[in-house]
Amino acid sequence: MKRVDDFRLRLGSHELVPIMVGGMGVDISTSSLAIEAARLGGIGHISDAMIHTVTDRRFHTHYIKDRLKQYKGNVGNPDKSAAQFDLGLLAEATRLHIGQTMEAKRGPGLIFVNCMEKLTMNNPRETLRVRLRAAMDAGIDGITLAAGLHLGSFALIQDHPRFHDVKLGIIVSSLRALQLFLKKNARSGRMPDYIVVEGPLAGGHLGFGADWAKYDLATILAEIRHWRDIEKLDIPLIPAGGIFTGSDAAAFLEQGAAAVQVATRFTVTRECGLPDEVKQAYFQATPEQIEVNNVSPTGYPMRMIRNCPAVGNGVRPNCEAFGYLLDASGHCQYVEAYYRELAGLAEGQKPKVRDKTCLCTHMRNFDCWTCGHYTFRLKETSRQDADGNYRLLSVEHVFRDYQYSTDGRIELPDLE
Ligand SMILES: Cc1cc2nc3c(=O)[nH]c(=O)nc-3n(C[C@H](O)[C@H](O)[C@H](O)COP(=O)(O)O)c2cc1C
Numbered sequence: 024m025k026r027v028d029d030f031r032l033r034l035g036s037h038e039l040v041p042i043m044v045g046g047m048g049v050d051i052s053t054s055s056l057a058i059e060a061a062r063l064g065g066i067g068h069i070s071d072a073m074i075h076t077v078t079d080r081r082f083h084t085h086y087i088k089d090r091l092k093q094y095k096g097n098v099g100n101p102d103k104s105a106a107q108f109d110l111g112l113l114a115e116a117t118r119l120h121i122g123q124t125m126e127a128k129r130g131p132g133l134i135f136v137n138c139m140e141k142l143t144m145n146n147p148r149e150t151l152r153v154r155l156r157a158a159m160d161a162g163i164d165g166i167t168l169a170a171g172l173h174l175g176s177f178a179l180i181q182d183h184p185r186f187h188d189v190k191l192g193i194i195v196s197s198l199r200a201l202q203l204f205l206k207k208n209a210r211s212g213r214m215p216d217y218i219v220v221e222g223p224l225a226g227g228h229l230g231f232g233a234d235w236a237k238y239d240l241a242t243i244l245a246e247i248r249h250w251r252d253i254e255k256l257d258i259p260l261i262p263a264g265g266i267f268t269g270s271d272a273a274a275f276l277e278q279g280a281a282a283v284q285v286a287t288r289f290t291v292t293r294e295c296g297l298p299d300e301v302k303q304a305y306f307q308a309t310p311e312q313i314e315v316n317n318v319s320p321t322g323y324p325m326r327m328i329r330n331c332p333a334v335g336n337g338v339r340p341n342c343e344a345f346g347y348l349l350d351a352s353g354h355c356q357y358v359e360a361y362y363r364e365l366a367g368l369a370e371g372q373k374p375k376v377r378d379k380t381c382l383c384t385h386m387r388n389f390d391c392w393t394c395g396h397y398t399f400r401l402k403e404t405s406r407q408d409a410d411g412n413y414r415l416l417s418v419e420h421v422f423r424d425y426q427y428s429t430d431g432r433i434e435l436p437d438l439e
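Position one of the sequence shown corresponds to residue 24 (our numbering), numbered consecutively onward.
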């Protein structure tokens, strides 16, 4: 049986180990994680989700404090339309995070940024334009368009000098979404360089409805591949979602996938941005604790560990500091749910909001434990110490395990 290392991903002039570590916002897939994946010859992703929070943490900037100061008078007002993003500061923060990451990159691999359309930021079109262009200015190797159909995204950057040199990809969960994307972006005179086909077992937001369990990655991939071949489109396909071992990955590569996108296995690496106690919660998770729910205010179903602090919490919306999910009219489903609950309470009582969560606040605090379906198998990938904690792994260890393992085996860390 072949192993992942028997294959290579060709993207333009690059020949890569066909392992792409998927973007995990907000700074779960850190710069260090992406830099390691690139050093090892694969592709690593950072994310531009809540970029100001990320740069404040990484570089001690004070974007969030300043934004809150600017819009302080609006805290407590259910109408959040006034809390606009300064596009100049958005570009600055994006260039800082991405520029510093690219400067630190070593080795033969590439670093891409995951760019979610659902981060509508109170001005969807202009903020997306700035995010994409600033990433290109900062020298990013590639942009993966995520969480949305991105029907107008190429048009936002087609006059950028790097439009034909930066690698551009899209995440889709159906042939229909891919066809729409290609049709709407056809006028830009450029095809995507790769297509990530994400199945229903992935982490983060899902491109499926409540019936996600009826779908399976291999079937969607085969359907897209069949159509791509009929259309004679030479675009690499990269399956994602539930590819847990090197053998799972090699099986997809043997069936014609160009690479695989993986994420869950990397959530328990030292380089991953989650706090250590959250990494332990991922190790300890049982199958029953992992659910797909509708608490995300984006309207997309999201997979998470059900006992995380974000579920059922009634924190006051803080769009004046964050506000990444405000739509074009300044609405967020969580803001609406919060004020609905508040209306029924006596003065001073704190609401509990069960149907939605304040994704900005909870992702910022690492309280929303989004995860892949197979998170409950992470305990198979490490050793448990006498205190009950599992040993954290290195990106190199997990990457090499995907690259070289066969027969469904998972390499455990060395005994100390
Ligand atoms: C903790 C976590 C956070 C994620 N966040 C994002 C995200 O911000 N944007 C995105 O497009 N995909 C996100 N994903 C999806 C991954 O990039 C990837 O496509 C998918 O999880 C791969 O499946 P696997 O986790 O089973 O390997 C996330 C996945 C995980 C596990």
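From the three backbone atoms N, C-alpha and C, an ideal C-beta is built for every residue, glycine too.
- The criterion of a C-beta distance shorter than 9 Å is satisfied by residue 204 and residue 193.
- Counting C-beta atoms within 10 angstroms of its own C-beta, residue 137 has 16 or more neighbours from the protein chains shown and is therefore classed as buried.
- Scanning 421, 428, 346 and 426 for the CA closest to the CA of residue 436 turns up 421.
- For residue 111, the enclosing alpha helix (DSSP H) starts and ends at 110-127.
- Within its own chain, the residues whose Cβ lies closer than 8 Å to the Cβ of residue 195, once the five positions on either side in sequence are excluded, are 201, 204, 218, 219, 220, 221, 230 and 247, listed in chain order.
- Relative to the Cα of residue 167, the nearest Cα in the group 191, 150, 145 and 178 belongs to 191.
- If you ignore the 5 residues before and after residue 31, its C-beta comes within less than 6 Å of the C-beta of 38, all in its own chain and listed in chain order.
- If you ignore the 5 residues before and after residue 181, its C-beta comes within less than 6 Å of the C-beta of 211, all in its own chain and listed in chain order.
- Residues 44, 67, 289, 292, 294, 295 and 418 of the same chain have their beta carbon placed closer than 7 Å to that of residue 56, with the five preceding and five following residues left out of the count.
- It is roughly 26 Å from the alpha-carbon of residue 253 to the alpha-carbon of residue 178.
- The DSSP-derived three-state label of residue 352 is coil.
- Nearest in C-alpha terms to residue 104, of all of 373, 355 and 369, is 355.
- Going by DSSP, residue 217 is part of the beta strand (DSSP E) stretching over 217-221.
- If you look at residue 53, you'll find it isn't in any alpha helix (DSSP H); DSSP assigns it neither H nor E.
- Each of 146, 150 and 317 was checked against the Cα of residue 227, and the nearest Cα belongs to 317.
- A Cβ closer than 6 Å to some heavy atom of ligand 1 marks a residue here, and those residues are 45, 46, 47, 48, 51, 70, 72, 137, 139, 169, 170, 194, 221, 224, 225, 226, 227, 263, 264, 265, 266, 284, 285, 286, 287, 290, 393, 394, 395 and 397.
- Residue 190 is bridged by DSSP to 165.
- Residue pairing of residue 32 in beta bridges, as defined by DSSP: 39.
- As a beta-bridge residue in DSSP terms, residue 262 pairs with 220.
- Around the Cβ of residue 392, a 10 Å sphere holds 16 or more other Cβ atoms; the residue is buried.
- Under a 10 Å Cβ-count criterion, residue 132 is classified as buried, with 16 or more other Cβ atoms of the shown protein chains found around its own Cβ.
- For residue 181, the secondary structure class from DSSP, reduced to helix, strand or coil, is coil.
- Looking at 75, 281 and 83, the one whose alpha-carbon comes closest to that of residue 343 is 75.
- With a cut-off of 8 Å on Cβ pairs, the region 334-350 is not in contact with the region 421-432, counting fewer than three such pairs.
- In the three-state reduction of the DSSP assignment, residue 318 falls in the coil class, being assigned neither a helical nor a strand state.
- As summarised for the region 282-326, the continuous alpha helix (DSSP H) elements at least 4 residues long and confined to that stretch are 299-307, given in chain order.
- The region 362-380 makes contact with the region 307-321, as at least three CB pairs between them are under 8 Å.
- Residue 353 places its beta carbon 9 Å or farther from that of residue 161.
- Residue 58 is positioned such that its CB atom lies closer than 9 Å to that of residue 134.
- Between the C-alpha atoms of residue 326 and residue 46 there is a straight-line separation of about 15 Å.
- Within the same chain, and ignoring the five residues on either side of residue 170 in sequence, the residues whose Cβ sits closer than 8 Å to its Cβ are 139, 140, 141, 142, 194, 227, 228, 321 and 323.
- Cβ-Cβ distances below 6 Å link residue 129 to 62 in the same chain, with the five nearest sequence neighbours on each side left out; the list follows chain order.
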